[in-house]
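Here's the structure we're looking at; comments come further down.
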Amino acid sequence: MFPVRPVVYQTAGRLSTLRSLPALNRRSCPSGSTRPSSSSSSSTSSSSPSPSPSFSSSPSTANQGSDQPLLKKLRKRDHKHPEVIFSGIQPSGQIHLGNYLGALSTWVNIQSTAPLSTEIYYSLVGLHAITLPKDPVKLVEGRREMLATLLACGIDVERSCLYFQDMVPQHAELAWILNCITPVNKLKNMTTWKSKIATFKNSADEESISETDLHLGLFAYPVLQAADILLYKATMIPVGEDQQQHLELAREIADTFNHRFSPKNKPFFPAPQALITPSKRILSLRNASEKMSKSAPHASSRIHLTDSSSMIQSKLRSAITDSLPGITFDPVCRPGVSNLLTILAACQSTPTNEVSPAEIAGGYGNMSMKDFKLEVADAVESRIGPIRSELDRLMQNGLEGGEEYLRDVARKGAERAERRASVVLAQAKELVGLGSI
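Here is the structure:
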């Protein structure tokens with residue numbers, strides 16, 4: 001067995017941010033600031049990853065709310081009926097700092113704060129990944145690296161069921177059953193397929209995307225998401241505010257199934273509720289009107305969890321800020337500086353001690369921009385350095401057998417997930433008339 005070494009890290013707490021009110025947006029900014037233009041803020045790469053809730057190619061970082069801590073949310077629920085939490089992520093590409101601070105640290109936080117009665121399923125959703133063209137060799141590499149990354153970030157496979165969606169065939173079978181009760185017009189109203197194709201084509205104009213670019217797998221993507229959730233009878237889904245359209249469809253599909261097939265007053269599928277996660281929106285280091293994204297053309301726009309200390313310093317030294325003196329938190333007039341303060345605050349936060357970028361700004365007020373960027377680089381390195389070291393160890397194929405251990409984790413996770421999924425699917429098939437003869 002190849003155990004995962006404990007990683008000393010600080011789980012990001014909630015980040016209270018200043019909300020941009022209309023009056024604030026209308027005020028003028030001082031000369032030397034870098035207030036983003038309205039045109040740049042509407043580009044495709046700035047739109048939200050996805051998931052997915054957690055089903056997108058990169059975890060959602062859109063929600064900036066100041067919700068109550070996750071632990072309190074979970075404890076307020078009725079635990080006579082234990083909660084089931086489900087979330088997923090596409091195994092496509094390296095994880096960057098925005099993904100980690102925006103979603104993965106929240107996964108770890110949920111895992112460590114949820115009551116022990118709560119079941120937690122974290123899925124690497126490969127069937128979603130192939131709804132857009134993927135190089136098979138790169139997909140194999142991405143699946144392995146994503147599994148290792150989740151373990152290195154602190155996902156505990158004893159507490160949470162971590163598995164590959166494509167290793168549990170019940171996902172696809174339930175998705176087909178749900179496809180058969182989902183009206184096409186419901187799927188046409190879903191807005192994400194255009195944005196996904198636009199992002200894939202690196203196009204800023206979603207209106208130029210037509211149905212000729214659309215394949216059935218991508219069109220039915222939301223139904224597969226619903227199947228992912230309902231297969232475990234999940235009751236709570238960690239999502240950003242921008243992801244609730246997909247969750248609402250899952251609720252509608254569950255209601256349709258229950259109305260059509262369930263015994264009266266005994267709904268088979270529960271209505272999954274949104275667990276709005278207090279995630280951070282980490283912006284591009286090169287253009288603070290856009291979110292940090294792996295699809296951005298400039299590698300210096302993002303920090304990967306695999307970046308060395310020197311690479312982190314180099315990228316932050318070149319981060320676009322402004323020519324105003326001092327360090328202040330002003331997302332409207334000083335988006336670049338404010339983004340660095342957000343990163344710094346998130347890296348310093350813990351589940352019990354939330355650090356606000358507005359509050360810490362005063363401590364750096366008279367610091368030069370050069371020195372401030374070094375402070376941010378040190379904080380980032382302190383946060384992700386242990387994760388990088390553990391990821392390197394898990395990805396090696398030396399005497400400790402990293403690849404063999406990852407295969408063992410994947411196999412055990414799939415077996416654990418399938419035990420639950422096979423029961424639910426068998427019951428669903430009985431209800432629709434596809435059970436035993």
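Here the sequence shown stands for residues 1 to 437, where the numbers follow full-length UniProt numbering.
Every residue, glycine too, gets a C-beta built ideally from N, C-alpha and C.
Model, not experiment: these values are computed from the prediction.
Taking residue i as part of the beta strand (DSSP E), name the residues at either end of that continuous run.
{"i": "tyrosine 163", "result": "161–164"}
{"i": "phenylalanine 329", "result": "Careful: phenylalanine 329 lies outside any beta strand (DSSP E) and carries neither H nor E."}
{"i": "valine 84", "result": "84–89"}
{"i": "isoleucine 177", "result": "Taken as a continuous stretch (DSSP letters only), isoleucine 177 belongs to no beta strand (DSSP E), being part of the alpha helix (DSSP H) at 170–179."}
{"i": "isoleucine 95", "result": "Segment: none, isoleucine 95 is in no beta strand (DSSP E) and carries neither H nor E."}
{"i": "isoleucine 276", "result": "273–276"}
Is the beta carbon of residue j closer than 8 Å to that of residue i?
{"i": "alanine 361", "j": "isoleucine 312", "result": "no"}
{"i": "arginine 302", "j": "histidine 96", "result": "yes"}
{"i": "threonine 256", "j": "valine 223", "result": "no"}
{"i": "proline 263", "j": "methionine 236", "result": "no"}
{"i": "threonine 118", "j": "glutamate 141", "result": "no"}
{"i": "alanine 227", "j": "leucine 316", "result": "no"}
{"i": "leucine 249", "j": "proline 30", "result": "no"}
{"i": "glutamine 348", "j": "valine 337", "result": "no"}
{"i": "leucine 341", "j": "proline 357", "result": "yes"}
{"i": "serine 33", "j": "aspartate 322", "result": "yes"}
{"i": "lysine 266", "j": "valine 424", "result": "no"}
{"i": "valine 332", "j": "isoleucine 276", "result": "no"}
{"i": "leucine 391", "j": "threonine 149", "result": "yes"}
{"i": "tyrosine 121", "j": "tryptophan 107", "result": "no"}
{"i": "isoleucine 155", "j": "alanine 114", "result": "no"}
{"i": "glutamate 381", "j": "serine 300", "result": "no"}
{"i": "alanine 428", "j": "methionine 167", "result": "no"}
{"i": "threonine 306", "j": "arginine 393", "result": "no"}
{"i": "leucine 147", "j": "leucine 406", "result": "yes"}
{"i": "alanine 288", "j": "asparagine 339", "result": "yes"}
Name the residue from the options whose alpha carbon lies nearest to the alpha carbon of residue i.
{"i": "cysteine 153", "options": "His246, Ser112, Asp228, Pro270", "result": "Ser112"}
{"i": "glycine 126", "options": "Arg281, Gly217, Cys333", "result": "Gly217"}
{"i": "proline 91", "options": "Ser284, Gly385, Leu344, Leu132", "result": "Leu132"}
{"i": "glutamine 396", "options": "Glu145, Phe268, Leu124", "result": "Glu145"}
{"i": "proline 335", "options": "Glu290, Gly402, Leu116", "result": "Glu290"}
{"i": "isoleucine 110", "options": "Glu403, Pro351, Val380", "result": "Pro351"}
{"i": "methionine 369", "options": "Ser389, Glu381, Cys180, Ile320", "result": "Ile320"}
{"i": "serine 87", "options": "His81, Ser105, Gly98, Leu305", "result": "Ser105"}
{"i": "aspartate 371", "options": "Ser314, Asn353, Arg383", "result": "Ser314"}
{"i": "glutamine 225", "options": "Ala172, Met367, Ile384, Ser436", "result": "Ala172"}
{"i": "arginine 260", "options": "Gly402, Val157, Ile177, Val137", "result": "Ile177"}
{"i": "leucine 247", "options": "Thr192, Leu151, Phe268", "result": "Thr192"}
{"i": "aspartate 330", "options": "Glu359, Leu214, Lys412", "result": "Glu359"}
{"i": "alanine 296", "options": "Gly98, Leu214, His81", "result": "Gly98"}
{"i": "proline 386", "options": "Val137, Leu151, Asp135, Ile89", "result": "Leu151"}
{"i": "alanine 379", "options": "Ile89, His81, Leu101", "result": "Leu101"}
Specify, as a first and last residue, the run of the alpha helix (DSSP H) that residue i falls within.
{"i": "alanine 345", "result": "335–348"}
{"i": "methionine 311", "result": "309–317"}
{"i": "lysine 186", "result": "184–188"}
{"i": "alanine 358", "result": "357–360"}
{"i": "asparagine 109", "result": "105–113"}
{"i": "glycine 217", "result": "216–219"}
If I'm right that residue i touches residue j with Cβ under 8 Å, what's the distance once you round it to whole angstroms?
{"i": "leucine 187", "j": "leucine 231", "result": "Their Cβ separation, rounded to whole angstroms, is 19 Å, which puts leucine 187 and leucine 231 out of contact at 8 Å."}
{"i": "cysteine 161", "j": "alanine 417", "result": "5 Å"}
{"i": "alanine 346", "j": "lysine 294", "result": "19 Å between Cβ atoms; not a contact."}
{"i": "alanine 426", "j": "tyrosine 163", "result": "Their Cβ separation, rounded to whole angstroms, is 19 Å, which puts alanine 426 and tyrosine 163 out of contact at 8 Å."}
{"i": "leucine 124", "j": "glutamine 165", "result": "6 Å"}
{"i": "residue 439", "j": "alanine 274", "result": "For the chain, the structure presents residues 1 to 437; residue 439 sits outside this window and is missing."}
{"i": "isoleucine 282", "j": "isoleucine 343", "result": "6 Å"}
{"i": "alanine 220", "j": "asparagine 179", "result": "6 Å"}
{"i": "glutamine 94", "j": "histidine 304", "result": "5 Å"}
Less than 7 Å between the CB of residue i and some heavy atom of the ligand SAM, yes or no?
{"i": "valine 424", "result": "This structure lacks the ligand SAM; in fact it carries no ligand of any kind."}
Mind listing, in chain order, the continuous alpha helix (DSSP H) runs of no fewer than 4 residues lying wholly within the stretch 378–414?
none
Ordered list of alpha helix (DSSP H) runs contained in the stretch 231–268, each at least 4 residues
244–261
Which runs of the beta strand (DSSP E) spanning at least 3 residues fall entirely within the stretch 119–149, listed in chain order?
119–124
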